[in-house]
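S.K.: This structure is in structure tokens; I'll ask about it shortly.
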Amino acid sequence: MTTLIRGGTVVGPTGPVRADVLIDGETIAAIFAPGQAPDGPEVIDATGKYVIPGAVDAHTHMELPFGGTHASDTFDTGTRAAAIGGTTTIIDFAVQRTGEVVQDGLAAWHGKADGNCHIDYAFHMILGGVDDESLKAMDQLVAGEGISSFKLFMAYPGVFYSDDGQILRAMQKARDNGAMIMMHAENGPAIDVLVKQALERGETDPIHHGLTRPQELEAEATSRAIWLASVAADCPLYIVHLSATKALEQVRNARDLGKNVFAETCPQYLYLTLEDQLGAPGFEGAKWVCSTPLRSKHENHRADLWQGLRTNDLSVVSTDHCPFCFKDQKELGLGDFSKIPNGIGGVEHRVDLLYQGVVDGKLSLARWVETIATTPARMFGLYPRKGIIAPGSDADIVLYDPNGRTRISAETHHMNMDHSAWEGWEIDGRVDTVIARGEVIAAGGEYTGRAGRGHYLKRGLSDYLL
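Here is the structure:
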């Protein structure tokens with residue numbers, strides 16, 4: 001079956017251009033100048049709309065066990081919500097905990113996702129226990145499983161934490177096999193001291209989650225990770241969910257020196273704040289407890305992060321989607337902020353929230369597409385199958401209406417959550433139509449996708465590395 005998307009403005013990493021897009025089956029067959037496509041295909045009218053590649057969310061946590069519970073979105077509900085919001089590929093995190101076999105952790109995540117995903121998906125691998133066996137497993141996953149990125153934690157002692165020696169060994173292995181090391185960069189042992197001291201003073205409200213994780217401890221860990229990667233022969237390093245000015249400075253300095261250092265941020269750090277969200281009255285702030293935490297509006301974090309996106313010191317915007325319901329899940333931390341499950345849900349809203357940055361003059365159209373689609377695909381070995389509108393690429397395409405309007409609310413979102421971190425936000429644009437591998441799965445407010453349609457994607461190595 002052939003389909004022609006006609007009359008729209010195709011937006012890619014080089015900018016917008018008027019063009020028509022021909023789809024043949026599951027892939028893009030050709031790009032035509034307006035009016036030059038052959039007659040015959042079924043036509044989708046894209047007049048007045050942007051035609052962009054389906055978004056790639058490179059950081060999600062469906063069904064992640066955390067803090068005595070688990071993330072409330074399954075691969076079914078989470079990928080459905082992603083699809084409705086214009087994301088057609090996710091990269092989730094399979095988990096190995098200390099003492100577990102890496103391959104067993106991967107098999108568990110395949111079991112969760114297989115047959116349940118509405119869109120295509122891939123995995124990174126969390127290494128919670130770096131030892132001789134897990135280092136051997138890194139080679140096997142790169143060579144045989146299509147997993148070319150491994151996440152380590154400098155935070156959460158006793159859960160996922162790796163010490164500097166373990167980090168260095170994993171980095172050395174990644175440098176040998178071409179993988180990317182992803183790093184949660186916060187100084188966990190120091191944070192634990194500050195948390196204990198705050199609780200002893202009776203400071204139990206959600207805002208203290210942020211106050212006990214100061215930006216200096218994010219910056220210190222970011223710097224330490226960068227220098228450890230340098231010792232490991234310039235191992236490729238990707239800092240996840242970067243939230244603050246001082247951490248961004250460490251990344252910028254490393255990139256200015258030509259290091260293989262990359263970083264992402266998330267919509268919550270571009271828009272939300274310590275005072276307005278985490279500091280909400282009573283226990284309401286628990287809705288916005290995530291790590292790294294939201295930062296103070298009285299400092300320049302948000303403006304600096306937007307600038308980092310423009311200069312490419314921040315390469316990607318992901319969601320770190322890890323939702324928990326307020327009732328019975330976030331409430332586990334009533335009276336003790338350290339027991340609030342860490343995570344915000346947002347996989348449905350990233351395309352819209354970043355488009356608002358275009359409307360507000362903070363990003364170009366091209367940079368919008370780069371940060372939500374093209375660069376994550378290239379960063380994590382999915383390009384050019386994903387992340388670009390080009391002949392031969394998968395026909396993952398979103399028609400975005402700049403004249404539409406989106407109001408975000410828990411009453412209308414599709415994520416499995418009883419609240420929204422973005423309640424009442426108005427976006428000056430709207431996802432109109434979503435096409436995944438050539439099939440229209442959402443249009444005009446109607447969803448026609450289905451669980452099981454998504455395929456597992458074996459990834460190659462990052463395009464950004466030699």
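Numbering (UniProt numbering), first residue to last: 1 to 466. All C-beta atoms in this analysis are idealised placements derived from N, C-alpha and C, irrespective of residue type, glycine included.
Drop a sphere of 10 angstroms on the beta-carbon of residue 471, count the other beta-carbons inside from all chains shown, and report buried for 16 or more, exposed for fewer.
M.R.: Summary: the structure shown does not reach residue 471, with the chain confined to residues 1 through 466, and so no result is reported for it.
S.K.: Rounded to whole angstroms, what is the Cα-Cα separation between L211 and Q197?
M.R.: Position 211 of the sequence shown, counted from the first residue, corresponds to residue 211. Position 197 of the sequence shown, counted from the first residue, corresponds to residue 197. Rounded to the nearest angstrom, the two C-alpha atoms are 12 Å apart.
S.K.: How long is the line joining the alpha carbons of N253 and L242, rounded to whole angstroms?
M.R.: Along the sequence shown, read from residue 1 onward, the residue named residue 253 stands at position 253. Along the sequence shown, read from residue 1 onward, the residue named residue 242 stands at position 242. Whole-angstrom Cα-Cα distance: 15 Å.
S.K.: Nearest CA to the CA of G111: which residue from D396, F75, L141?
M.R.: Sequence index remark: in the sequence shown, residue 111 carries index 111 (1-based). It is F75 whose Cα lies nearest to the Cα of G111.
S.K.: Which residues in the same chain have their Cβ closer than 7 Å to the Cβ of A221, if we skip the five residues on either side of it in sequence?
M.R.: On the sequence shown, position 221 is the one that residue 221 refers to. Excluding residues within five positions, the ones whose Cβ falls inside 7 Å are M154, A185, E186, N187.
S.K.: What do you get for A137, buried or exposed, if any count of 16 or more other CB atoms within 10 angstroms of its CB means buried?
M.R.: What you label residue 137 is simply residue 137 of the sequence shown in a count that begins at 1. The residue is buried, with at least 16 neighbouring Cβ atoms inside 10 Å.
S.K.: So, are the CB atoms of A30 and V21 less than 9 Å apart?
M.R.: In the sequence shown, residue 30 corresponds to position 30, counting from 1. In the sequence shown, residue 21 corresponds to position 21, counting from 1. Cβ distance < 9 Å, so A30 and V21 count as in contact.
S.K.: Mind pulling the alpha helix (DSSP H) runs of 4 or more residues that sit fully within the segment 50-103?
M.R.: With a minimum length of 4 residues, the continuous alpha helix (DSSP H) runs that stay inside the segment 50-103 are 75-84.
S.K.: Put E286 into one of helix, strand or coil per three-state DSSP.
M.R.: Counted from its first residue, the sequence shown places residue 286 at position 286. One point to set straight first is that residue 286 is Ala, not Glu, in the sequence displayed. Looking at A286 - three-state DSSP - the assignment turns out to be helix.
S.K.: Relative to the C-alpha of R255, which candidate in D114, W227, P281, T9 has its C-alpha closest?
M.R.: By 1-based counting over the sequence shown, the position of residue 255 is 255. Residue W227 is the option with its Cα nearest to R255.
S.K.: Please confirm if the segment 373-393 is in contact with the segment 6-16, defined as three or more CB-CB distances below 8 Å between the two stretches.
M.R.: Touching, yes, given that three or more Cβ pairs across the two stretches are closer than 8 Å.
S.K.: Are the CB atoms of S230 and K259 within a distance shorter than 9 Å?
M.R.: Within the sequence shown, the letter at position 259 stands for residue 259. Within the sequence shown, the letter at position 230 stands for residue 230. For K259 and S230, yes; Cβs fall inside 9 Å.
S.K.: Just reading off the beta strand (DSSP E) that Y238 is part of, what are its end residues?
M.R.: The residue given as residue 238 occupies position 238 in the sequence shown. Residues 237-239.
S.K.: Which one of D234, G345, T204, R459 has the shortest CA to CA distance from G282?
M.R.: Start at 1 with the first residue of the sequence shown, and residue 282 comes out as number 282. Of D234, G345, T204, R459, the residue nearest in Cα terms is T204.
S.K.: Distance, Cα to Cα, residue 475 vs E331?
M.R.: In the structure as shown, the chain begins at 1 and stops at 466. Residue 475 is therefore absent and cannot be evaluated.
S.K.: Rounded to a whole number of angstroms, what is the C-alpha to C-alpha distance between I427 and A421?
M.R.: As a position in the sequence shown, residue 427 is number 427, starting the count at 1. As a position in the sequence shown, residue 421 is number 421, starting the count at 1. Whole-angstrom Cα-Cα distance: 14 Å.
S.K.: Using a 10 Å radius around the Cβ and a threshold of 16 neighbouring Cβ atoms, would you call G285 buried or exposed?
M.R.: Along the sequence shown, read from residue 1 onward, the residue named residue 285 stands at position 285. Buried: at least 16 other Cβ atoms inside 10 Å.
S.K.: Just the Cα atoms here: how many angstroms apart are Y456 and F93?
M.R.: Against the sequence shown, residue 456 aligns to sequence position 456. Against the sequence shown, residue 93 aligns to sequence position 93. Using only the alpha carbons, I get a separation of about 13 Å.
S.K.: Is T319 near the ligand PLP, in the sense that its beta carbon is under 8 Å from a heavy atom of that ligand?
M.R.: The ligand content of the structure shown is nil, which means the ligand PLP is not present either.
S.K.: According to DSSP, F150 sits in a beta bridge with which residue or residues?
M.R.: Here residue 150 corresponds to residue number 150 of the sequence shown, with the count starting at 1. Looking at the DSSP assignment, F150 forms a beta bridge with M125, I181.
S.K.: Report yes or no: do the segment 402-418 and the segment 57-73 share at least 3 C-beta pairs separated by less than 8 Å?
M.R.: Yes, the segment 402-418 is in contact with the segment 57-73.
S.K.: Taking the CB atoms as reference points, tell me whether M180 and M379 lie closer together than 9 Å.
M.R.: As a first step, residue 180 is located in the sequence shown; it is residue number 180 there, counting from the start. As a first step, residue 379 is located in the sequence shown; it is residue number 379 there, counting from the start. Cβ atoms of M180 and M379: closer than 9 Å.
S.K.: Might you give, ordered along the chain, the residues of its own chain that have their beta carbon closer than 6 Å to the beta carbon of D120, omitting 5 neighbours on each side?
M.R.: The residue given as residue 120 occupies position 120 in the sequence shown. Cβ neighbours of D120 beyond the five flanking positions: T89, G454, H455, L457.
S.K.: Quick one: grab the DSSP three-state call for P267.
M.R.: In the sequence shown, residue 267 corresponds to position 267, counting from 1. Residue state, collapsed to three classes: helix.
S.K.: Distance check for T292 and residue 494, CA to CA, integer angstroms please.
M.R.: Outside the shown range of the chain (1 to 466) lies residue 494, about which nothing can therefore be said.
S.K.: What distance in whole Å lies between the Cβ atoms of L294 and L314, which are believed to be in contact at a cut-off of 8 Å?
M.R.: The residue labelled residue 314 in the question sits at position 314 within the sequence shown. The residue labelled residue 294 in the question sits at position 294 within the sequence shown. Not quite, the Cβ-Cβ distance comes to about 17 Å (not below 8 Å), so this is no contact.
S.K.: What separation, rounded to the nearest whole angstrom, lies between the Cα atoms of M62 and L257?
M.R.: Residue mapping note: residue 62 aligns to position 62 of the sequence shown, counting from 1. Residue mapping note: residue 257 aligns to position 257 of the sequence shown, counting from 1. Whole-angstrom Cα-Cα distance: 36 Å.
S.K.: Please list the terminal residues of the continuous alpha helix (DSSP H) segment that includes V193.
M.R.: Along the sequence shown, read from residue 1 onward, the residue named residue 193 stands at position 193. Where V193 is concerned, the enclosing alpha helix (DSSP H) stretches over 188-200.
S.K.: Given a cut-off of 9 Å, decide if A263 and A247 are closer than it, judged by their beta-carbon atoms.
M.R.: Taking the first residue of the sequence shown as 1, we reach residue 247 at position 247. Taking the first residue of the sequence shown as 1, we reach residue 263 at position 263. Yes; because the gap between Cβ atoms is below 9 Å, this pair is in contact.
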